[in-house]
Every structure is written in C-alpha cells, then in structure tokens.
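One rule links them: number in this note's numbering = place in the sequence shown (from 1) + 240.
Just so it is clear, CB atoms sit at the ideal spot from N, CA and C, and this is done for glycine as well.
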Amino acid sequence: MSEEQQIADYCEKGRAHWPDEPVTPLKSASVQCQMEETFYEHYLRYFQNAEEKRRWNVDTDIPWAAAEGNASELVVSIIESFCAVESFLPDYTSKIMALIRKSKGRALFQANWGYEESKHSLALERWLIASGKRTEDEMEDFERSLLGAEWKLPFETPRQMICYTMIQELATGLNYTNLRKLVHENGEGDPCLDKALRWLSSDESAHYNFFRKGVKTYMALDPEGTIADIKYVFDNFAMPAHALIPEWEKRGAEIEASGIYGPKMYLAKIRKPVLEDLNISRTQLKEAGLPSHEIDEVADRAETKAEQAKQALYPRITSLPAIPVAASRVQKNHVVRLFFGSPISGNPAFYIKWNIKNSRKRQVNFIVPLIFKRN
C-alpha cells in the first residue's frame, strides 16, 4: 500500500458506519443553535458506534503474554516518547473542557475522549514493562520527571481548538500507524505491540473523524471565519507537550529519522490530506491566503476525486434500456441517443442530457445513434 493510500485508508477507517451528511443552514434558527444541535447529534452517533464496534479492554484485548523483548532501543525510546505525550492527558482534558463546557455535544465528547485516551498511556506503559525493556521503577522515575510541567491551550477559541485537535489527532494516529509499520519492516514487533498499536490507531482515527465533522459543521454555517481559523491553526501548529518533555530535541530527531513524523511529513501527510478531506473549494483556499501552488495541488486532487466519485455512481456496462420515445412520434431522420447504463429517469430529455455530458467527460463513446424513418 502506498503512503497516499495508507493515509486515505486511515482517514476512511474513522468513518466506518458513519458517512458524511451535509449540514444545511436553516434561516429559522441561529447559527449557534444549529451548531450545538449538530454537535450533539454527532456525539450520539459517535458514542453509539464506539459502544457497538470499537470499545476495547486494556487487560483482555491485548495479548500481554506474547510481549517480547526483541525491539531495539530506538523503538523503545520512541514508544516511551509517545507515552510521555499521552501522560499530559489531565491537562488536555481539563483545559479543553473548560473552553467548550457550554457545548453539550463537545463537552460529552471531551469526557469520552479522555476515557479513550487514558487507555493509550496505560497500554504503552504496560508494553514497556511487559517486554522487559523498562522496569516499573524506571517508568515511575520517568513519570516524575514530567510532573513539574503543565500543558496550556495553544489557541484561544473553541473553533480554533477543534481545528487544532482535528489536525493533531490525524498526526497522532499516523504516528502509531507508522510505528507499527517500522517494527514490522525491521522484524522488531510482537503480537502484543502490534495489537496495542492497532487499537490506539483505531481510536485516533475515530477522534479525527469527529473533529473533522465538527470543522465541516463550522464551515457550512460560517465558511469565511472557519477558513481563516483553519489557516491560522495550520500556520501555528505544533504537536502537544513537546516543549515540556525532557530531551525532546533528541527524541524528536529519532522520530523524524525513523520516518514516523517530522516537518516534511506534516506538510505532505497531514496538512494537504486534511485540506482535501474537508472538501475546501479552490475559491475558499484562495480566500484563506494559502500559497498558489498548494491551492492548485489540493483543489485539483479534490476535483478529481469528486469526479471519480460521481462517475462511480453509474455502472459502465449493462443492458440497453427501452427506447425513451415512441417510434410513432419520431420525425424523419430524427436521431434518438441511448446510453449504456441504468435508466435514471423516464424523461427522454434527461437521457440525452446525461448521455452527452458524461460520455464527453469519460472520453468513451457510450452513445448509440438510432435512425427511424417514417413509411
């Protein structure tokens, strides 16, 4: 699987059983009222899917007895670094909750998010000990070295923070996905670590999708302000807690050198995929002040995907439909154009319009001219 396919696959996994549904602004309700109602509906759908399809147990759903000690010190150091980032969960949860407390849907999600994220640090720490790479005393010493620091909100408004968490969750999920890929390629993995990283990546993908849907809600109801906030957050984005973790410069260099995450990867595998995933139009990208080369690349790819999705709705080969007009009503030398595809409407004008438009775009001649002559 190519890197682009890997990213697309990761983004799609978070949407399993929850397809995108367009938000239509209502003139009879305020923007804030519509936004809160939509967020709450999103949370209920998210929670239902999590309860039915994605919940996992740290004790029973990871084969701890299969943990092995064949991982290199580099891999162990990277897992320890991720564990350190996850350890600031009390700050992430409490400070974001204080910012969005008045939003019922977002507040409930934040509480659920904190529960799911708490399992991540537990799983990573437990693997480090179960594999024999770290002792309990060493992990306690490491945790104590982090206690003096406190994470602070990187942005001030609820909308900017949901843009930030959307980007951050995608980056975190890809970190786990790339780490799992690294240990497989180097033969350093074990069934325990593999299963743990699968669960963590699955959670992060679902979190990304919730935040993405929230950003798309903001875009539908306030496109100009939301696009400006997306650009501002992208321009000032940094992964959480890095400045608070001892020796992060060395740890970050290890992560980048291993091909898991870094500045170049951020631009290619986070920023551009997010912009494409949000279906931001070419005009909106220009209004946001993004570089012209980035606008063209993102917009071209988005338009190509949209066209491919549209074409996929119609089967390419089926039986011929019935002639859409009665032969007795056809004038001399009148040409009736038919197409190979499912009859969409009984209206002959629609047949002809659909045919000409799509045959030209596909550059495939699906039109069969039939000539009827009056006796």
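For THR375, the secondary structure class from DSSP, reduced to helix, strand or coil, is coil. The alpha carbon of ASP301 has as its nearest neighbour, out of GLU543, ALA436, GLU527, the alpha carbon of ALA436. Apart from sequence neighbours up to five positions away, the residues of its chain that approach GLN524 with a beta-carbon distance below 7 Å are PRO463, ILE467, ordered along the chain. For ASN310, there is no enclosing alpha helix (DSSP H), as DSSP gives it neither H nor E.
With contacts defined as CB atoms closer than 8 Å, LEU422 and ALA324 fail to qualify as a contacting pair. Taken through DSSP and simplified to helix, strand or coil, LYS392 comes out as coil.
CA-CA distance, TRP296 to HIS360, rounds to 11 Å. In terms of Cα proximity to LYS490, the closest of ILE318, LEU362, LYS293 is ILE318. Residue range 488-497 is occupied by the alpha helix (DSSP H) that includes ALA493.
Taking 8 Å as the cut-off, the beta carbon of ASN426 is found no closer than this to the beta carbon of PHE322.
Unbroken alpha helix (DSSP H) runs of no fewer than 4 residues, entirely contained in the region 406-492, are found at 431-461, 463-475, following chain order.
Cβ neighbours of LEU314 within its own chain (closer than 8 Å, five residues either side excluded): GLU494, SER498.
Burial state of LYS373 is buried, judged by a 10 Å Cβ sphere holding 16 or more other Cβ atoms. By the C-beta density criterion, ASN289 is buried, having at least 16 other C-beta atoms within 10 angstroms.
About 5 Å separates the beta carbon of GLY454 from that of ILE402, a gap short enough to meet the 8 Å contact definition. The C-beta distance from PRO480 to PHE328 rounds to 7 Å, short enough to meet the 8 Å contact threshold. Exposure of THR375 is indicated by the presence of fewer than 16 other C-beta atoms within 10 angstroms of its C-beta. A direct Cα-Cα distance of roughly 10 Å separates PRO503 from ALA478. Cβ-Cβ separation between SER343 and PRO398: approximately 7 Å, consistent with a contact (criterion under 8 Å). Burial check for SER445: the Cβ neighbour count within 10 Å reaches 16 or more, so the residue is buried. When the beta-carbon positions are compared, VAL473 and ILE520 stay at least 8 Å from each other. Pairing GLU390 with ALA311 gives a Cβ-Cβ distance that is not under 8 Å. The three-state reading of DSSP puts VAL298 in coil, since its state is none of H, G, I, E or B.
Membership of PRO513 in the alpha helix (DSSP H) is indicated by the continuous run 512-517. Membership of SER327 in any alpha helix (DSSP H) is not indicated, and neither H nor E is assigned to it by DSSP.
Put simply, of GLU281, GLU537, ARG384, LYS512 the residue whose alpha carbon is nearest the alpha carbon of ALA411 is LYS512.
Your pair TYR283 and GLY345 checks out as a contact, with CB atoms roughly 4 Å apart and the cut at 8 Å. Across the structure, ASP517 and HIS482 are spaced so that their CA atoms are roughly 27 Å apart. Distances from the CA of VAL271 to each of LEU461, ASN418, ASN352, ALA363 were compared; the closest alpha carbon is that of LEU461. Annotated as distal: GLY309 and THR333, with beta-carbon spacing of 8 Å or more.
MET379 and LYS293 have their alpha carbons spaced roughly 32 Å apart. In the three-state reduction of the DSSP assignment, ARG341 falls in the coil class.
When the beta-carbon positions are compared, ASP430 and ALA306 come within less than 8 Å of each other.
Counting other Cβ atoms within 10 Å of its Cβ, GLU320 reaches 16 or more and is therefore classed as buried.
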